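Worksheet: one structure, shown below.
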Amino acid sequence: MSKRLFFPGDRHVEVLQGTDRAAGRGEVTIRIDAAGVCGSDLHYLYRVPESERGKPRLGVTINPDAVPGHEPAGTVLSIGEGVDTLAPGDRVIVHHISGCGMCDWCLRDLPMHCADKKTYGFDIDGAFASTMVAKARDVVKVPDDVSMPVAAYCACGAGTAYNALRKLQVTSADTVIIFGLGPVGLAAVAFAQDFGARVAAVDISGERRDLAKAAGADLVIDPRDTDVATVVAEWNGSGASVGLDASGNAQARHQLLDAVGVLGRVAFVGEGGGVQIDVSEQIIHKQLTVIGSWVFGISELGGILQYVSDRRVELGRLVTDVFDIDDAADAFALADGAANGKVVITMNGAADSRTNHKASQ
């Protein structure tokens, strides 16, 4: 018998027994070794009142009875008819958005805009289970030197950070300021530093600022104690050339626009909330380029994993807490409150020989 998580609502987590589904044509069955806890799991599922289970949230369709979890990493157990790109034993992750594969958006590798898309962990069965069935076209192989917890982190959170920085065309000539040092913001610090940029990291949590410093931030700032724009201008002689918001906080977004200098580039990644902007002073007169960045395509996911492998990006130090599926209630309680880094849940015992409670790359 396999195990799976179930969210009945109101911050409750249940571990249920279930049966494994066999892979059909074009599908693979994956033994889940590690699955990341993402902010979307908290916002769309865990925190939702029981009376509101199943309601769409921020454009995401929810099936309240689907197995949750959309950051899966594991090992292929079996393949269905017609699958020739994968084999049993392959270490893999799954791109969490499964498009129709035929529309213009899917052909452009932008499945998040597909009108017929399905999302693992939200409206079809996902990662918080002993096994998972996925379409082979949604599966990406993991390099041997990337641990399962880190691979799971890349499947959404860290991958979102990487893709946003790539869209912003960050180079060693840039000074990057990042607001919100949850798992996405911390990954952005690690990647921006590896791109050669100078990095300033902003959060009210001292523990998260410490993690950002360990990930390579050159400057960490508590926005409650100081004017962030002034500190950045004194630090580098002008505003930052690049800004990324991973906080979803209205005040942080406002401060970010103040801290970015003339001709700067800004990406909003953190979901929800709003912001009050002085369009003339904060954007027009500084001639900022402002974009939204929402996840990534499957071809980009393979590139993210390869970059982490080739560059030895130390995302593992940001995976601070690893729990067994039987302790999932504790994992979500921590992620919902006191967690500072990435929280990962393992299935089927230890994820692999590189995984322990303080998982490392």
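Residues 722 to 1082, numbered by the numbering used here, are exactly what the sequence shown covers, in order.
The C-beta atom is built at its ideal place from N, Cα and C for all residues, glycine as well.
From a predicted model like this one, the values you see are computed outputs, not experimental measurements.
When C-alpha distances from residue 937 are compared across 729, 950, 913, the shortest belongs to 913. Under the criterion of beta carbons closer than 8 Å, residue 1013 and residue 967 do not qualify as touching, at roughly 12 Å. In the DSSP assignment, residue 1038 forms no beta bridge with any residue. A straight-line Cα-Cα distance of about 23 Å links residue 979 and residue 1015. The residue among 900, 1066, 837, 839 with its C-alpha nearest the C-alpha of residue 971 is 900. For residue 954, the CB contacts under 7 Å within the same chain, skipping 5 residues up- and downstream, are 960 in chain order. Spanning the alpha carbons of residue 927 and residue 911 requires a straight line of approximately 17 Å. Relative to residue 878, the option among 728, 1007, 1068, 1064 whose CA is nearest is 1064.
Going by DSSP, residue 975 is part of no beta strand (DSSP E) but of the alpha helix (DSSP H) stretching over 971 to 980. Nearest neighbour of residue 808 by Cα position, chosen from 814, 797, 882, turns out to be 797.
Under the three-state reduction of DSSP output, residue 876 falls in the coil class, being neither helix nor strand.
Collapsing the DSSP output to three states places residue 966 in a strand. Counting along the chain, the unbroken beta strand (DSSP E) around residue 856 starts and ends at 852 to 856. From the listed residues 763, 1002, 1011, the smallest Cα separation to residue 1055 is found for 763. Exclusion of the five residues before and after residue 735 leaves 727 as the residues of its chain whose Cβ lies within less than 6 Å of its Cβ.
Sorting 876, 932, 893 by C-alpha distance to the C-alpha of residue 903 places 932 at the top. When rounded, the separation of the alpha-carbon atoms in residue 1020 and residue 830 is 7 Å. In summary, residue 839 is buried, with 16 or more beta-carbon neighbours lying within 10 Å of its beta-carbon over all protein chains present. Across the set 930, 923, 925, 935, the C-alpha of 935 shows the shortest separation from the C-alpha of residue 915. Annotation for residue 1010: no alpha helix (DSSP H) segment contains it, though the beta strand (DSSP E) segment containing it runs 1010 to 1013. Collapsing the DSSP output to three states places residue 738 in a strand.
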